[in-house]
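Trainee: The structure that follows is given in the form of structure tokens.
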Amino acid sequence: MSDYLVIVESPAKAKTIGKYLGKKYVVKASMGHVRDLPKSQMGVSVEENYEPRYITIRGKGPVLKELKTAAKKAKRIYLAADPDREGEAIAWHLAHSLNIDEHSDCRVVFNEITKNAIKDAFKQPRPINMDLVDAQQARRILDRLVGYNISPLLWKKVKKGLSAGRVQSVAVKLITDREKEIQSFVPEEYWSIQGQFSYGQEQFEARFHSINGNKETLSTEEDVNHVLGTLSGANFRIAEVKKRERKRNPVAPFTTSSLQQEAARKLNFRAKKTMLIAQQLYEGIDLGKQGTVGLITYMRTDSTRISDTAKQETFEYIQKNYGEEYTKKEVQKQKQDKKTQDAHEAIRPTSVMYEPKQMKEYLSRDQLRLYRLVWERLVASEMAPAVMDTMTVDLENNGVIFRANGSKLKFPGFMKVYIEGNDDNKKEEDRLLPDLQESEIVEKQELNPNQHFTQPPPRYTEARLVKTLEELGIGRPSTYAPTLDTIQRRGYVALDEKRFVPTELGEIVLDLIVEFFPEILDVEFTAKMEEDLDSIEDGRDNWIEIIDQFYKSFEKRLEVAEEEMEEVEIKDEPAGEDCEKCGHEMVYKMGRYGKFMACSNFPDCRNTKAIVKDIGVKCPTCKEGNIVERKSKKRRIFYGCDRYPECEFVSWDKPIARPCPKCENLLVEKKSKKGVFVACTSCDYEEEKQ
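See below:
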């Protein structure tokens, strides 16, 4: 008979924990939840205070049998699922399935899988926290009431296989509203004047700023000509020089949301991929002689707090490796959002001593890239601010002011380790100005007027959408990745050049929900619901009352929708070509991976074709076919010959329609951190993209 049985969610976590606990402990994995609401029916009894009816998840019978056998042999059982609502619910379901008293000290939680954290956790077991369980149950039941009532309506009125959910519907609405903004956007003309000036042998740039003390927008070419006509001669007087020192503080360690955003910007990771790799780093990596070690703390959190131990270790690391001047001298107050739960720490390395360069041989390429991001972010967050010397110079000629801005990195501080990315791909760069003094004269070399047009708001990337959902208080750290995955799988949105666009199906479903269930799409209502779930977790509100408040009004809307919602026919759009197999017209259809062409004679003819775009380049391999743009199942763009499979030419880089001037072979567009450039596929020729 074993002394202790410990149950966690995954085999990887079981393996790591088992190493720390010793021979008296048997560690088993439940493989996630063992019980859930049934898929085939609602599973919630509205008449009986929304009582959920849980069943053993299909396929989990053998797992549960193994756990019950192990439980009979153990003197004591510990439930060590993840330290959040979902983990607490898993522990509660296990307690019910294994006849464990939920009020006994059976629950063990830890924020990191390290030897000290595990041993400390097992010294202070606690009962299952029913407030956390109730908050998880409330979310699950709310989503079930919404999904299992609206979805059948959508099947009946629109198309089978559709679904609707609280958070996913708001996400689709944000994407659709942004698309409407873009479509209705009317560009406005404006101009700028860029000037080149010389001061002795040195040259610098300045831009038009104001005229006669008024900062004016140059709306037309006439405005530009008025400014240029006002100037008198080539000499400009230095009217004002402002110099100041500016400090830039480091950003806080990662939360779930900020990790997903930064991994999207810097590593091109989807939110789902980021969370999958983070889970692997949290649960444990085999480090050879050291055994399996959890490399990062728990990855579902909205807190930026780190422990005093982690702060001290990081301080000592910075002091030793970068010097005393790089250590943080003042405690930087982090702005904590009122919605932050702060249940556990930010995402950080379990030890800063596990340097990325040392981990290289143990981690896959993607694991290493994400781990380096987490490691660098923590170290930078505990470093001294960067110090910039900035300079603003106003040049005056007959009442016209041109302004030059310059900056120089005086002390790199945290920027020596890490600089946060941004959605607009703006580069950090120094722009030095000569040592200009007031009242001195500089000479104009040339003035270049440039016409511009205002741009519509950008479509949402995954990073932007996660950030917006977080700012609006929609969803929680654990919901972002599955929400984005769901709306794509359902065909409500698609990715076009890594940006979300709504599909026709998404717009139809959204219009119906807007008409009949407006509260589901109301941002304030959905954010308030998240606050209510938090209040259940804190023990301030009763979960049954919160659900009842929602369902009473929802049920009335449901009755109206059943009566008044009209059926919507989604007509297939002609593709403009005939099926090469049976001669019937080909039409556009919407599938899981976006639009594709299919024969209108379905099901008698099942011919389908991907939608391709000719880019006007001859195939360099067969010399007969044309290069077309295609999309992989993961919606990544690639280029191939339209004679495939006869010709198997394929390229991730976009070919261009002229040969290499050096060797006559294929030129392609390549992307780097500096932007897009043109390179030869056979020799070392490169050039900037025109």
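Following our numbering, the numbering of the sequence shown begins with 5 at its first residue and continues without gaps.
For glycine and all other residues, C-beta sits at the position ideal for the given N, C-alpha and C.
(1) Please classify Asp-500: does DSSP put it in a helix, a strand, or coil?
(2) What alpha helix (DSSP H) runs, 4 residues minimum, are completely inside the segment 288-324?
(3) Where do the N-terminal and C-terminal ends of the beta strand (DSSP E) with His-456 fall, by residue?
(4) I'd like the span of the alpha helix (DSSP H) that includes Lys-161, first residue to last.
(5) Which residues bound the alpha helix (DSSP H) around Arg-130?
(6) Going by the DSSP bridge assignment, what does Phe-642 pair with across the sheet?
(7) Can you check whether the CB of Val-497 is closer than 7 angstroms to the CB of Tyr-484?
(8) From this set, Pro-462, Lys-556, Val-591, which residue's C-alpha is nearest Val-50's C-alpha?
(9) Give the straight-line distance between the Cα atoms of Glu-447 and Tyr-203, rounded to the nearest whole angstrom.
(10) Three-state secondary structure (DSSP) at Ile-117?
(11) Report back the beta-carbon spacing between Val-404 and Val-231 to the nearest angstrom; my notes put them in contact at under 8 angstroms.
(12) Helix, strand or coil for Thr-472? Go by DSSP, reduced to three states.
(13) Using 7 angstroms as the threshold, is the C-beta distance between Ile-2 and Gly-288 below it?
(14) Between the Cα of Met-569 and those of Cys-687, Lys-599, Leu-499, Leu-157, spot the shortest distance and give me the residue it belongs to.
(15) Considering just the uninterrupted stretch of the alpha helix (DSSP H) at Gly-91, what are its terminal residues?
(16) Quick one: Cα of Gly-91 to Cα of Glu-386, how far?
(17) Taking the alpha-carbon of Ser-101 as reference, which of Lys-123, Lys-79, Lys-69, Ile-122 has the nearest alpha-carbon?
(18) Are three or more beta carbon pairs between the segment 295-308 and the segment 251-270 nearer than 8 angstroms?
(19) Rounded to a whole number of angstroms, what is the C-alpha to C-alpha distance between Glu-106 and Phe-418?
(20) Pick out whichever of Ala-243, Leu-473, Ile-641 has its Cα sitting closest to the Cα of Gly-217.
(21) Count the other CB atoms, across all protein chains shown, that sit within 10 Å of the CB of Asp-545; report buried if there are 16 or more and exposed otherwise.
(22) Identify which residue in Asn-401, Tyr-54, Pro-129 has its Cα closest to the Cα of Gly-237.
(23) Nearest-angstrom Cα distance between Ser-196 and Cys-583?
(24) Taking the alpha helix (DSSP H) that Tyr-375 falls in, what are its first and last residues?
(25) Opposite Arg-211 in the DSSP bridges: which residues?
(26) Quick check on the burial criterion: 16 or more other C-beta atoms within 10 angstroms. Buried or exposed for Glu-534?
(27) Whole angstroms are fine: how far does the CA of Ala-85 sit from the CA of Ser-14?
(28) Using the Cβ count rule (16 or more neighbours within 10 Å means buried), how would you classify His-456?
(29) Can you name the start and end residues of the alpha helix (DSSP H) that Glu-329 belongs to?
(30) Along the beta strand (DSSP E) that carries Phe-273, what are the first and last residues, could you check?
(31) Give the secondary structure of Ser-557 by DSSP, where H, G and I count as helix, E and B as strand, and everything else as coil.
(32) Is Tyr-286 helix, strand or coil when you go by DSSP?
(33) In chain order, what residues of the same chain have a beta carbon less than 8 angstroms from the beta carbon of Val-171, not counting five sequence neighbours either side?
(34) My output table needs one value for Asp-582: the three-state DSSP class, helix, strand or coil.
(35) Can you give the Cα-Cα distance for Lys-315 and Leu-514, rounded to whole angstroms?
(36) Could you tell me which of Lys-532, Leu-537, Glu-523, Pro-578 sits nearest to Glu-559, measuring between CA atoms?
Mentor: Taking the geometry as given:
(1) Note: Asp-500 maps to strand in three-state DSSP.
(2) none
(3) 445-457
(4) Per DSSP, the unbroken alpha helix (DSSP H) holding Lys-161 starts and ends at 134-161.
(5) Premise fails: Arg-130 is in no alpha helix (DSSP H) and is neither H nor E.
(6) Arg-634
(7) no
(8) That would be Lys-556, whose Cα lies nearest to the Cα of Val-50.
(9) 7 angstroms
(10) coil
(11) 6 angstroms
(12) helix
(13) The structure shown does not extend to residue 2, since the chain is modelled only from 5 to 694, so the question has no answer here.
(14) Leu-157
(15) 89-101
(16) 31 angstroms
(17) Minimum Cα distance to Ser-101 is reached at Lys-69.
(18) yes
(19) Distance between the alpha carbons of Glu-106 and Phe-418: 47 angstroms.
(20) Ala-243
(21) buried
(22) Minimum Cα distance to Gly-237 is reached at Asn-401.
(23) 53 angstroms
(24) 369-385
(25) Gln-198, Arg-407
(26) buried
(27) 9 angstroms
(28) With a 10 Å radius around the Cβ and a threshold of 16 neighbouring Cβ atoms, His-456 comes out exposed.
(29) That residue, Glu-329, is in no alpha helix (DSSP H); it is neither H nor E in DSSP.
(30) From DSSP, Phe-273 is part of no beta strand (DSSP E); its letter is neither H nor E.
(31) helix
(32) helix
(33) Leu-473, Ile-478, Gly-479, Thr-483, Thr-487, Thr-530
(34) Reduced to three states, the DSSP call for Asp-582 is strand.
(35) Taking the Cα positions, Lys-315 is about 47 angstroms away from Leu-514.
(36) That would be Glu-523, whose Cα lies nearest to the Cα of Glu-559.
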